[in-house]
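Whatever position you read off the sequence shown (first residue = 1), add 379 for the numbering used here.
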Amino acid sequence: MVDHFAILPEGCVWEILSLTSALDALRSSTTSKAFRSAAESNYVWERFLPLNWREMVSKSAAPVEYATIKDLYFTLCRNPILIHGGNMSLSLDKRNAKKCIMIGARELQISWKGCWDFTSHAKSRFLEVAKLRSPSWIHIQGKVNTEMLSENTTYAAYLVFWLEKMDGLRSSDTVVRILNDKSKHKQHNEHFESREAGKIARTRKDGWMEIEMGKFQNGSGDHGIVEAWLIEIHNPHSKSGLIVEGIEFRPSHGLLYLVSVVPFGEG
């Protein structure tokens with residue numbers, strides 16, 4: 380079978396492949412020798428990364444080791460790097476290299492802190508998680524600057540947690556909203572707000588549970604702050620043993636992170 384791409388200049392093949400996606404590059408490497416060579420090119424894989432990838436890597440709390448840009452791409456997809464003093468993590472969605480940010484428990488605003496302990500957890504990416512010590516109302520807020528997220532992307536916020544009694548957050552409410560210059564003047568018309576109750580808990584591949592708190596669109600140049608809230612004031616005794624790892628903001632499809640779905644009330 381004639382490999383028609385083999386007659387093209389190498390730089391032309393690199394350019395063609397760089398206009399696709401990481402997954403397309405991996406697939407095409409099996410169809411053509413020219414594409415196979417291009418699929419190992421640092422030029423191609425750098426085009427798949429966010430424009431500010433060097434700044435991202437430089438902010439890591441620990442050195443990020445990689446031999447090629449392709450290695451770096453999959454390192455950032457598989458192993459979140461810790462930033463902001465180790466209290467936040469940053470990774471990439473492996474399908475489109477969109478940024479995923481998790482706000483660790485220490486960076487969250489948690490009301491009634493006297494009812495919580497901050498302790499280590501073997502399965503957490505962070506040094507500490509928040510564990511509910513005694514029955515209490517819950518009021519947790521996480522926020523992130525929209526400039527840390529990928530533009531022109533629909534995001535969802537997720538509470539990442541563990542709870543022995545799966546119906547313990549059944550009556551919780553969530554709020555996700557964007558605050559920016561426009562919303563200061565036209566708060567009711569310009570900011571996004573989503574409220575839902577009766578969430579579905581999902582088990583993640585890392586062993587934690589998560590519930591979706593709401594979605595929002597991060598546009599181009601819409602600089603501001605995204606806030607995600609969890610509020611539970613109806614049934615404080617059902618949440619004993621609740622452990623919160625953080626709140627994660629990631630592209631809303633997110634199903635690559637999940638291994639099962641468990642409706643609250645059936646655990």
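Think of the CB as a built atom: it goes at the ideal place given N, C-alpha and C, for glycine as much as any other residue.
Residue i and residue j closer than 8 Å at C-beta
| i | j | result |
| --- | --- | --- |
| ALA401 | ALA509 | no |
| PHE540 | GLU624 | yes |
| LEU609 | MET592 | yes |
| TYR537 | ILE590 | yes |
| LEU396 | VAL423 | yes |
| SER499 | GLU507 | yes |
| SER551 | GLU611 | yes |
Identified DSSP bridge partners for residue i
| i | result |
| --- | --- |
| SER470 | CYS479 |
| THR447 | In DSSP, THR447 forms no bridge with anything. |
| LEU398 | LEU398 is not bridged to any residue. |
| PHE497 | ALA509 |
| ASN421 | According to DSSP, ASN421 bridges with nothing at all. |
| TYR452 | Paired residue(s): none; TYR452 is not in a bridge. |
| ASN559 | GLY603 |
| ASN597 | THR532 |
Straight-line gap, residue i to residue j (C-alpha atoms, nearest Å)
| i | j | result |
| --- | --- | --- |
| PRO459 | ILE480 | 9 Å |
| GLY464 | LYS412 | 44 Å |
| LYS502 | ILE622 | 12 Å |
| GLU394 | ARG474 | 19 Å |
| LYS438 | SER468 | 10 Å |
| HIS632 | VAL605 | 18 Å |
| SER407 | GLN520 | 44 Å |
| PRO429 | ARG581 | 29 Å |
| ALA607 | VAL554 | 6 Å |
| LEU558 | LYS594 | 14 Å |
| HIS518 | ALA484 | 13 Å |
| CYS456 | HIS613 | 38 Å |
Cβ neighbour criterion (16 or more within 10 Å) applied to residue i
| i | result |
| --- | --- |
| THR447 | exposed |
| ASN491 | Before going on, a small fix: residue 491 reads as Trp here, not Asn. TRP491 should be labelled exposed. |
| THR533 | exposed |
| LYS449 | buried |
| CYS391 | exposed |
| LEU405 | exposed |
| ASN466 | buried |
Rounded distance between the beta-carbons of residue j and residue i, thought under 8 Å
| i | j | result |
| --- | --- | --- |
| SER599 | ASN531 | 5 Å |
| SER529 | ASN431 | Wrong, their Cβ atoms sit about 11 Å apart, outside the cutoff. |
| PRO630 | ASP472 | 5 Å |
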